[in-house]
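Reading through the structure tokens given below for one structure.
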Amino acid sequence: MNGNIQIVKGHILFTKSPEAFTIIENGYIVVEGPCIQYVGESLPIEYEDYHITDYGDTLIIPGFVDTHVHGPQYCNRGLGMDMELLPWLNTYTFPEEEKFKDTAYANMVYTSFVNDLVRNGTTRAVIYGTVHLQGTVELMKAVADAKICAYVGKVNMDQNSPEYLLEDSNQSIVDTMQAILVAEQFEPYVRPIITPRFAPTCSGPLMRELGRLAKKYNLPVQSHLSENRGEIDWVAALFPKSKDYTSVYVDYHLIGTQPCIMAHCIHLSDDEIDILAQTNTLVAHCPYSNNNLSSGIAPIRKLLERGVPISLGSDISGGHLTSMARVLTEAIGLSKMKWAEVDKEYKPLTLSEGFYGATRGGGQFFGNVGSFEIGYEFDALVIDDSSLFDMNVRSPLERLERWLYIGDDRQIANRYCRGQQLSI
Ligand code: GUN
Ligand code: FE
Numbered sequence: 001m002n003g004n005i006q007i008v009k010g011h012i013l014f015t016k017s018p019e020a021f022t023i024i025e026n027g028y029i030v031v032e033g034p035c036i037q038y039v040g041e042s043l044p045i046e047y048e049d050y051h052i053t054d055y056g057d058t059l060i061i062p063g064f065v066d067t068h069v070h071g072p073q074y075c076n077r078g079l080g081m082d083m084e085l086l087p088w089l090n091t092y093t094f095p096e097e098e099k100f101k102d103t104a105y106a107n108m109v110y111t112s113f114v115n116d117l118v119r120n121g122t123t124r125a126v127i128y129g130t131v132h133l134q135g136t137v138e139l140m141k142a143v144a145d146a147k148i149c150a151y152v153g154k155v156n157m158d159q160n161s162p163e164y165l166l167e168d169s170n171q172s173i174v175d176t177m178q179a180i181l182v183a184e185q186f187e188p189y190v191r192p193i194i195t196p197r198f199a200p201t202c203s204g205p206l207m208r209e210l211g212r213l214a215k216k217y218n219l220p221v222q223s224h225l226s227e228n229r230g231e232i233d234w235v236a237a238l239f240p241k242s243k244d245y246t247s248v249y250v251d252y253h254l255i256g257t258q259p260c261i262m263a264h265c266i267h268l269s270d271d272e273i274d275i276l277a278q279t280n281t282l283v284a285h286c287p288y289s290n291n292n293l294s295s296g297i298a299p300i301r302k303l304l305e306r307g308v309p310i311s312l313g314s315d316i317s318g319g320h321l322t323s324m325a326r327v328l329t330e331a332i333g334l335s336k337m338k339w340a341e342v343d344k345e346y347k348p349l350t351l352s353e354g355f356y357g358a359t360r361g362g363g364q365f366f367g368n369v370g371s372f373e374i375g376y377e378f379d380a381l382v383i384d385d386s387s388l389f390d391m392n393v394r395s396p397l398e399r400l401e402r403w404l405y406i407g408d409d410r411q412i413a414n415r416y417c418r419g420q421q422l423s424i
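Under our numbering, the first residue of the sequence shown is numbered 1, with each subsequent residue one higher.
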């Protein structure tokens with residue numbers, strides 16, 4: 001017998017593609033180390049002697065992936081929801097991020113933040129720290145202690161920022177290289193990611209150097225793109241040589257060279273959408289944030305039809321909730337409003353498309369993650385929804401839909417990341 005093998009049993013639901021759920025009632029998943037070896041209705045004979053963790057009449061789904069979230073904004077969630085992006089950054093966000101120069105403060109906030117992710121079933125995340133190196137190391141520690149997996153980025157800002165967050169351009173690069181080195185200590189849980197905050201707060205020379213670092217260390221890149229109309233006009237004025245906002249990042253080799261996530265992508269031209277599709281740039285759609293900051297409704301159906309890969313982000317604290325179940329149902333809701341109010345050509349997102357966005361859509365940034373296919377890493381949530389009152393018998397898919405809409409962390413009976421059970 002191989003001591004590295006675990007077998008779980010329950011009603012298994014996942015999305016191999018956005019179009020449909022795969023549903024296996026009373027099915028089995030065999031996991032060896034971090035990876036799935038078998039998924040199916042009956043247990044193959046070679047596994048008969050192994051212990052089975054029988055989760056009975058529960059739902060087993062992939063762990064959630066949040067591809068855009070700001071750890072240092074955790075204390076601000078639910079505040080400042082009456083402002084647009086630029087005043088919101090200056091009034092609420094930047095003053096809070098300054099506090100992360102204090103490592104003890106960073107430690108307290110990041111520990112609670114990561115615990116909230118785990119509690120709500122997020123097993124993978126792509127996270128922004130602040131400009132502070134030591135503070136960002138605290139974020140890496142919190143992730144590794146929780147045994148979830150995350151890309152963690154030290155943020156870069158060397159212009160158009162308050163004095164208290166403004167970095168010297170060279171020091172910004174030196175600290176970024178240090179953050180990349182330190183992240184190695186937290187493998188396999190933490191991976192570094194190059195994180196220019198957004199074009200307005202980064203000079204051309206800084207972005208060029210960050211593009212070089214990404215290539216040299218073979219690292220992915222994340223930033224914000226086309227979130228707010230005032231922001232877009234500002235970028236056009238700051239970078240007159242670039243054709244549009246997307247081209248600013250292309251011109252500095254931040255889009256198109258390494259794997260890349262761009263948050264928001266609301267007001268893009270058709271040419272910009274083509275660039276994202278050609279460069280396989282992963283969009284992090286953040287519906288709560290776009291709603292709260294009156295940014296707009298991202299054209300997700302159009303992006304999907306044009307071949308742009310889509311994932312979902314909580315964008316704490318533009319968004320107010322860490323729960324990716326809530327984020328995915330909000331994405332569906334906003335897409336319905338786009339269809340009803342703006343353009344009947346673009347159909348609303350379906351439940352399976354929303355679920356795919358919160359699991360496999362973001363999981364692809366981590367490799368084989370976000371699904372229960374053979375060779376995928378076993379990140380899973382066990383949902384015991386028996387406390388959600390109903391007099392009727394429901395199918396596993398109906399039960400999942402209801403839990404996504406009205407459930408919360410109290411129904412998450414167990415969590416796994418890379419085959420390891422997580423504690424909260
Ligand atoms: N653009 C630049 N910084 C931020 C941020 O912290 N949150 C959001 N939503 N947009 C940004
Ligand atoms: Fe953001």
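We put the CB at the ideal spot given by N, CA and C, even for glycine.
Residue i versus residue j - alpha carbon distance
| i | j | result |
| --- | --- | --- |
| M472 | E96 | Given that the chain is displayed from residue 1 to residue 424, the structure contains no residue 472 and the question cannot be resolved. |
| Y245 | L166 | 22 angstroms |
| E377 | V248 | 35 angstroms |
| A150 | N156 | 18 angstroms |
| Q278 | D270 | 12 angstroms |
| R229 | L86 | 10 angstroms |
| R399 | L351 | 13 angstroms |
| E32 | L404 | 29 angstroms |
| G318 | H51 | 45 angstroms |
| R410 | S314 | 19 angstroms |
| P220 | L304 | 22 angstroms |
| T281 | L328 | 20 angstroms |
| G256 | F186 | 28 angstroms |
| G430 | P309 | Any answer about residue 430 is impossible in this case: the structure gives the chain only from 1 up to 424. |
| S242 | V283 | 21 angstroms |
Start-to-end residues for the beta strand (DSSP E) that takes in residue i
| i | result |
| --- | --- |
| F14 | 5–17 |
| R191 | 190–192 |
| A298 | Element bounds for A298: n/a, residue is neither H nor E. |
| V442 | The requested residue 442 is not part of the displayed model; the chain covers only 1 to 424. |
| D54 | 52–62 |
| V250 | Element bounds for V250: not the beta strand (DSSP E) but the alpha helix (DSSP H), 245–251. |
CA nearest to the CA of residue i, picked from the options
| i | options | result |
| --- | --- | --- |
| N2 | E48, P299, L85, K347 | E48 |
| I61 | S423, I406, V369, L388 | V369 |
| Y416 | P240, N120, L381, L238 | L381 |
| W339 | I406, E227, A298, S314 | A298 |
| S42 | H11, F239, V283 | H11 |
| H70 | L117, G333, K16 | L117 |
| V190 | I232, L321, K141, V8 | K141 |
| P348 | P192, V8, R360, L334 | L334 |
| M262 | L13, L422, F365, E353 | F365 |
| S453 | W88, N115, P192, A144 | A question about residue 453 goes unanswered here, because the residues of the chain that appear run from 1 up to 424. |
| Y252 | V308, Y92, L210 | L210 |
| S17 | E401, E353, M391 | E353 |
Span of the alpha helix (DSSP H), counted from its first residue to its last, around residue i
| i | result |
| --- | --- |
| M108 | 103–119 |
| P410 | Looking at the sequence provided, one finds Arg at residue 410 rather than Pro. Where R410 is concerned, there is no enclosing alpha helix (DSSP H), given that its DSSP letter is neither H nor E. |
| R212 | 204–216 |
| L166 | Premise fails: L166 is in no alpha helix (DSSP H) and is neither H nor E. |
| Y47 | Taken as a continuous stretch (DSSP letters only), Y47 belongs to no alpha helix (DSSP H), as it is neither H nor E. |
Sheet register partners of residue i (DSSP bridge)
| i | result |
| --- | --- |
| Y432 | This structure leaves residue 432 out entirely; the chain is present only between 1 and 424. |
| N156 | P196 |
| R415 | L381 |
| S311 | A284 |
| C35 | E32, E377 |
| T136 | Looking at the DSSP assignment, T136 forms no beta bridge with any residue, so it has no partner. |
| D66 | A125 |
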